[in-house]
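Here the numbering used here is used: the first residue of the sequence shown is 18, the next is one more, and so on.
Since the structure comes first, as structure tokens, the remarks are kept for the end.
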Amino acid sequence: MKNSGFKWGIFTARLPIIHMRVAWPELAQGLVVSLSTALALIPLLTTSFGLTFPEAVTIAMLHMMLVTSNVIIFGEPFASGWITPALPLVLGFVIGGYDNAVERFQMMTALSLDFAALTLLMGVTGWGHKLARLIPAALKAGIILGAALSAFKRIFYDDLAGFLAMPVSYILAIFVCLTILYLPAFQGLKSKYKLWSLISSFGLLPSFVMAGVFGGLMGELTFDITPGFLNPPFAALMEKVSPFSIGFPPLSYFASALPLTLIAYLILFGDLITGTSLIEDNQKFRPDDPVDINLTRSHYAVAIRNFLMAIIAPFFPTQGVLWAGAQIIIIERWKAGRDKLESLIGGISAFYYYGIPVVFLILPLVTVLKPFMPIALMLTLLLTGIACGRLALKIAKSMTDRTIMVLVSLLLTFFSPWVGLLAGGVVCLLVSAAKKKRVKR
18 MKNSGFKWGI FTARLPIIHM RVAWPELAQG LVVSLSTALA LIPLLTTSFG LTFPEAVTIA
78 MLHMMLVTSN VIIFGEPFAS GWITPALPLV LGFVIGGYDN AVERFQMMTA LSLDFAALTL
138 LMGVTGWGHK LARLIPAALK AGIILGAALS AFKRIFYDDL AGFLAMPVSY ILAIFVCLTI
198 LYLPAFQGLK SKYKLWSLIS SFGLLPSFVM AGVFGGLMGE LTFDITPGFL NPPFAALMEK
258 VSPFSIGFPP LSYFASALPL TLIAYLILFG DLITGTSLIE DNQKFRPDDP VDINLTRSHY
318 AVAIRNFLMA IIAPFFPTQG VLWAGAQIII IERWKAGRDK LESLIGGISA FYYYGIPVVF
378 LILPLVTVLK PFMPIALMLT LLLTGIACGR LALKIAKSMT DRTIMVLVSL LLTFFSPWVG
438 LLAGGVVCLL VSAAKKKRVK R
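What follows is the structure, encoded as structure tokens:
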């Protein structure tokens, strides 16, 4: 099938069946994994942002449609997702710094608009590489370790009541998840036995199953399955979240959002480099499906998505450029040949169920997943914390860099982003000046 599409400016829109075949394995996996992840923020939206459950499902659906537009509407060859390392920092800043839902959504609007403007500027000027090189390694490592500490703080301190309410479910989910992903003995079993390899291919799903079975037996999880279809309360949602209803944020909010915006952009740029490398490293296996990578176009697509999100469903940082796990899964199938997956774009589109949000409207499906949503968010933050911690230690190689890294990470976790960035920047400058003096002597 021709992998062409409708050209509009530098973008290319593609429709299922017309421009790509339905990739059933990716579609089936995406229905489980993508939907579970998309709904993970619902507990926060209902407890800390004042939304009802139907409103929270509706905003999650809008977020997912914007995420999916990255490949369907803009023609980007990346499986997009949240800017996950920035999420714990954003949650700590917004929930910890603002008292009510209106102020929190206004800050989410400010963050999204700041980020859209910065991404657009970097796309137009091409300054992304320069900015990434300008930031010292110690400061980068401190930012990433700060994300890790913020994630752990959110799980084991800020949301400790949720953990204590479901200790068996949480501990089992953590144990199964870490066993599948990190235990060396399990990695050996995967290479020897197809059953264990199959289990690991389902990602977080085995953790949910174990938590559901034992959490249900212990009375921690209760299932109230609702029949029928959800009638999305768009009007009620817009009254609570849209800046046209609750008011645009004051200028002070935009200024306060700048440090987190910069942090999120640095992470986004790293994701772009990672996504590009994943495709280029495997393109040799699929010369029949040349992938068009254009980082300027990628910047524009992210900027547009974040601008739209700020207006209709502000919740930063849900509109990033790469969900690395999904990208790797799809590329593994893609590089196996045309008989496995016709095109990379088609596989990514299928994983996001072609942007058709009908699954969010099926109440039996959404309500059966409802008890798992706090667990999904907890595991997302936990894995983010582990990944960020490991990456930070790789970036900061010297003892001096690691000392600065720890200082910056603690300041970012327990104080405002401005304090962490400014203090880290000043320390890096002082250390650099001291090194130059030693060299001159």
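Cβ coordinates follow ideal geometry from the N, Cα and C atoms, glycine included.
Three or more beta-carbon pairs under 8 Å between the segment 380 to 397 and the segment 180 to 192, yes or no? yes
W25 (DSSP reduced to helix, strand or coil): strand
In whole angstroms, what is the alpha-carbon distance linking F333 and A182? 28 Å
Just how far apart, CA to CA, sit K211 and A228? 23 Å
Would you identify the three-state DSSP class for A40, choosing helix, strand or coil? coil
In or out: T136 buried (at least 16 other Cβ within 10 Å) or exposed? buried
For K387, count neighbouring Cβ atoms within 10 angstroms of its own Cβ and tell me buried if that reaches 16, exposed if not. buried
Could you give the residue range of the alpha helix (DSSP H) that holds K147? 145 to 151
For Q300, I'd like the list of residues in its chain whose CB is within less than 7 Å of its CB, leaving aside the five on either flank, ordered along the chain. V308
Starting from A281 and walking both ways along the alpha helix (DSSP H), at which residues does that stretch end? 268 to 299
Classify P184 as helix, strand or coil using the three-state DSSP reduction. helix
Proximal residues to L162 (C-beta, below 6 Å), its chain only, five neighbours per side dropped: A409, M422, S426
Leaving out the 5 sequence neighbours to the left and right, which residues in its chain are closer than 7 Å to L2 when beta-carbon positions are compared? Past the edges of the chain, shown from 18 to 458, lies residue 2, and the structure says nothing about it.
Taking the alpha-carbon positions, what's the K352 to F271 distance? 44 Å
Which one or two residues does DSSP pair with F246 in a beta bridge? I379
For I126, collect the residues of the same chain with a Cβ closer than 6 Å to its Cβ; drop the 5 residues on either side in sequence, then sort them by chain order. Contrary to the premise, residue 126 reads as Thr rather than Ile in this sequence. Within the same chain, T126 has close Cβ partners P260, P266, A327, P331.
Going by DSSP in three states, A154 sits in which element: helix, strand or coil? helix
Can you tell me the Cα-Cα spacing of D241 and G337, whole angstroms? 33 Å
Please return the same chain residues whose Cβ sits closer than 7 Å to the Cβ of L83, not counting the five positions on each side in sequence. R322, L325, M326, Q336
DSSP bridge partner residues for L33 (one or two, in chain order): The sequence shown places Pro at residue 33, rather than the Leu named in the question. DSSP lists M37 as partners of P33.
For P223, the first and last residue of its enclosing alpha helix (DSSP H): 222 to 234
Let me confirm a value: T239 is counted as buried when at least 16 other C-beta atoms fall within 10 Å, else exposed. Which label applies? exposed
Is it right to say S167 is buried, meaning 16 or more other beta carbons lie within 10 angstroms of its own, or is it exposed? buried
Give the single residue among V119, P94, G179 whose Cα lies nearest to the Cα of S294. P94
Is L232 near V185, with beta carbons less than 8 Å apart? A small fix is needed here, since residue 232 is Gly in this sequence, not Leu. The answer is yes: Cβ separation under 8 Å.
Considering only their Cβ atoms, is the gap separating F377 from I347 smaller than 8 Å? no
Should P250 and P71 be called a contact, given that it needs their Cβ atoms to be closer than 8 Å? yes
Distance, P102 Cα to T278 Cα: 12 Å
Quick check on the burial criterion: 16 or more other C-beta atoms within 10 angstroms. Buried or exposed for K157? buried
For the pair the segment 59 to 67 and the segment 107 to 122, tell me if three or more CB-CB distances fall below 8 Å. yes
Do you know how far the Cα of M139 is from the Cα of G145? 6 Å
On a Cα-Cα basis, can you pick out the residue from S51, I89, L128 that is closest to G98? S51
Just the C-alpha distance for L221 and M81, rounded to the nearest angstrom, thanks. 19 Å
Quick one, which of T313, G437, C445, R407 has its alpha-carbon nearest Y199's? R407
Restricting to runs no shorter than 4 residues, where is the alpha helix (DSSP H) found entirely within the segment 95 to 139? 104 to 114
So, with DSSP's three-state summary, where would you put D418? helix
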